[in-house]
Amino acid sequence: MAEALAEITKKSASFQQIEAEVEMYMKAINELKTEISSFKSKDMAELQKFHLYR
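Take a look at the structure:
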């Protein structure tokens, strides 16, 4: 039953669109994730600068 549901889901137009968008934006998402994870400022001006950068 689960296999049949997974097969139906993979064939749906919305699932295919989501898959395409994930592939298209994966690099940008990973870059943002890295930037956010590495940001360690306690300075409000630096935080605003970071926010405006993205």
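Counted the way UniProt numbering counts, the sequence shown spans residues 1 to 54. The beta carbon of each residue, even a glycine, is placed where N, CA and C say it ideally should be.
- Bounds of the alpha helix (DSSP H) holding residue 27 are 13 to 38.
- In the displayed model, residue 49 falls within a helix according to three-state DSSP.
- Secondary structure at residue 1: coil, using DSSP grouped into helix, strand and coil.
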